[in-house]
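A.B. asks:
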Amino acid sequence: MLSSLDELELLRGTLRAQGKRIVFTNGVFDILHAGHVTYLEQARAFGDVLVLGLNADESVRRLKGPDRPVNAEADRALVVAALRSVDHVMIFGDDTPLTIIEALLPDVLVKGGDYTRDTIVGADVVEANGGTVHTIPLLEGRSTSSVINRVRTA
0 MLSSLDELEL LRGTLRAQGK RIVFTNGVFD ILHAGHVTYL EQARAFGDVL
50 VLGLNADESV RRLKGPDRPV NAEADRALVV AALRSVDHVM IFGDDTPLTI
100 IEALLPDVLV KGGDYTRDTI VGADVVEANG GTVHTIPLLE GRSTSSVINR
150 VRTA
């Protein structure tokens, strides 16, 4: 678990010295489901190391409402860190991961297919530093909101 921007920049330097291709993505990853796992595996395939920015609880509440997240940030971080596709996790409290992207300067920035190049925060930073930006199609019917709705109506 990465705990500071200084630690993130140190990691970047180490990985660059090793010639590793760094991939970054971010999200809430509240109730982990097959869509998340598939997405993270596909993101990781763009490079050698996947760094995941995880929205802190207060950020999730601002973005998704007072009933979210269902799982606390420490639990969400532990679960995503256990996936073989995820190499490093950093929790962030801002509404966007721009500060992390500026510190990490990943080779590849990945978001889900519900985003476009123009709506991906940090895309301009990544591209200005020689990186690429990709979107990955979402798995139909696989979302945390749909899981929550199924549980509520059960």
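Residue 0 is where the sequence shown starts when you use numbering that gives the first Met the number 0, and the numbers rise one by one after that. Glycine included, C-beta positions come from ideal geometry on N, C-alpha and C. Note that this is a predicted model, so its numbers are computed, not measured.
Do L39 and V69 count as a contact pair if the criterion is CB distance below 9 angstroms?
C.D. replies: The residue given as residue 69 occupies position 70 in the sequence shown. The residue given as residue 39 occupies position 40 in the sequence shown. No, the pair does not count as a contact, with Cβ atoms beyond the cut-off.
A.B. asks: Within the same chain, show all residues whose beta-carbon is closer than 8 angstroms to that of A91, passing over the 5 residues directly before and after it, in chain order.
C.D. replies: Translated into the one-based positions of the sequence shown, residue 91 becomes position 92. Here residue 91 is Phe; the residue named in the question, Ala, does not match the sequence. Closer than 8 angstroms at Cβ, skipping near neighbours: N25, G52, L53, N54, A55, S58, T98, I99.
A.B. asks: Smallest Cα separation from F23: which of R43, S2, L62?
C.D. replies: In the sequence shown, counting from the first residue as 1, residue 23 sits at position 24. Taking only the C-alpha atoms, the option nearest F23 is R43.
A.B. asks: Enumerate, from N- to C-terminal direction, the unbroken beta strand (DSSP E) stretches of 3 or more residues contained entirely within the segment 36-99.
C.D. replies: Runs of the beta strand (DSSP E) inside the segment 36-99: 48-54, 87-91.
A.B. asks: Would DSSP call L108 helix, strand or coil?
C.D. replies: The residue you call residue 108 lines up with position 109 of the sequence shown. Of the three classes helix, strand and coil, the one that applies to L108 here is strand, per DSSP.
A.B. asks: Starting from G129, follow the beta strand (DSSP E) in both directions and report where the run begins and ends.
C.D. replies: Looking up residue 129 in the sequence shown gives position 130. Run containing G129: none; DSSP gives neither H nor E here.
A.B. asks: Check for me: the beta strand (DSSP E) holding G154 runs from which residue to which?
C.D. replies: No answer is possible for residue 154: it lies beyond the span of the chain, which begins at 0 and ends at 153.
A.B. asks: For the candidate residues R116, T118, K110, whose alpha-carbon lies nearest to that of H35?
C.D. replies: Taking the first residue of the sequence shown as position 1, residue 35 is located at position 36. Minimum Cα distance to H35 is reached at K110.
A.B. asks: Assuming R116 is part of the alpha helix (DSSP H), what are its boundary residues?
C.D. replies: Along the sequence shown, one-based indexing puts residue 116 at 117. No alpha helix (DSSP H) contains R116, which DSSP labels as neither H nor E.
A.B. asks: Give me the DSSP bridge partner(s) of L31.
C.D. replies: In the sequence shown, residue 31 corresponds to position 32, counting from 1. For L31, which the question treats as bridged, DSSP gives no partner whatsoever.
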